[in-house]
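Okay, so here's the structure we're looking at.
Numbering (our numbering), first residue to last: 27 to 209.
Have a look at this one:
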């Protein structure tokens, strides 16, 4: 048997140690940075979507266009996106729409594909911004509840109901109790 030509010299060991030390140090620094980022809460969590309030304007007959408005919050650490809205009480598929003004002071609704729901924030739909355009299957009256399903990119489906508001956009109040009755 012949002797192996490789011998561990001080220079060979030092060169090997430096070759291993550079990537190992880079990995430790990256892992430490990611750990600190996650521990500080900046790595984000999943989107936590909630539909706080829904209202829909009354329809003035079957087949008339109307609009629905929702207040949506996202308490999670990740942005989400409202992709579409469906309703069993609508003819066809409701569409997301944004209020726009022309140069001549006329208004129109522009169809939008989706709406961003920022992390730690939310969106409030209104007649002067984002809304849901739909056509009613039946005539709705103030106080009726209309079912909707909101579809989100990360948050999935959320089933909710929107209360039919009065023509001025306000929600109907509960009837006042008669005099002497407990509230």
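Don't be surprised by glycine CBs; every beta carbon is placed ideally from N, CA and C.
- With a threshold of 16 other beta carbon atoms within 10 Å, residue 127 falls short and is exposed.
- Shown here, residue 33 sits in coil according to DSSP, grouped into three states, outside any helix or strand.
- Remark: fewer than three beta-carbon pairs, one from each stretch, lie closer than 8 Å, so the stretch 116–135 and the stretch 38–47 are not flagged as touching.
- Linking residue 147 to residue 139 through their CA atoms gives a straight-line distance of about 20 Å.
- Ranked by how close their Cα comes to the Cα of residue 180, the residues 143, 46 and 137 have 143 in first place.
- Secondary structure note for residue 79: its beta strand (DSSP E) is the uninterrupted segment 75–82.
- Under the DSSP assignment, residue 110 falls in the beta strand (DSSP E) whose first and last residues are 106–112.
- Boundaries of the beta strand (DSSP E) harbouring residue 148: 147–150, taken from the DSSP string.
- When C-beta atoms of the stretch 102–119 are compared with those of the stretch 45–57, fewer than three pairs fall below 8 Å, so the two segments do not count as touching.
- A residue is called buried when at least 16 other Cβ atoms come within 10 angstroms of its Cβ; residue 98 meets this threshold and is buried.
- The Cβ neighbour count for residue 155, taken over all protein chains shown within 10 Å, is under 16; the residue is labelled exposed.
- Across the structure, residue 80 and residue 187 are spaced so that their CA atoms are roughly 6 Å apart.
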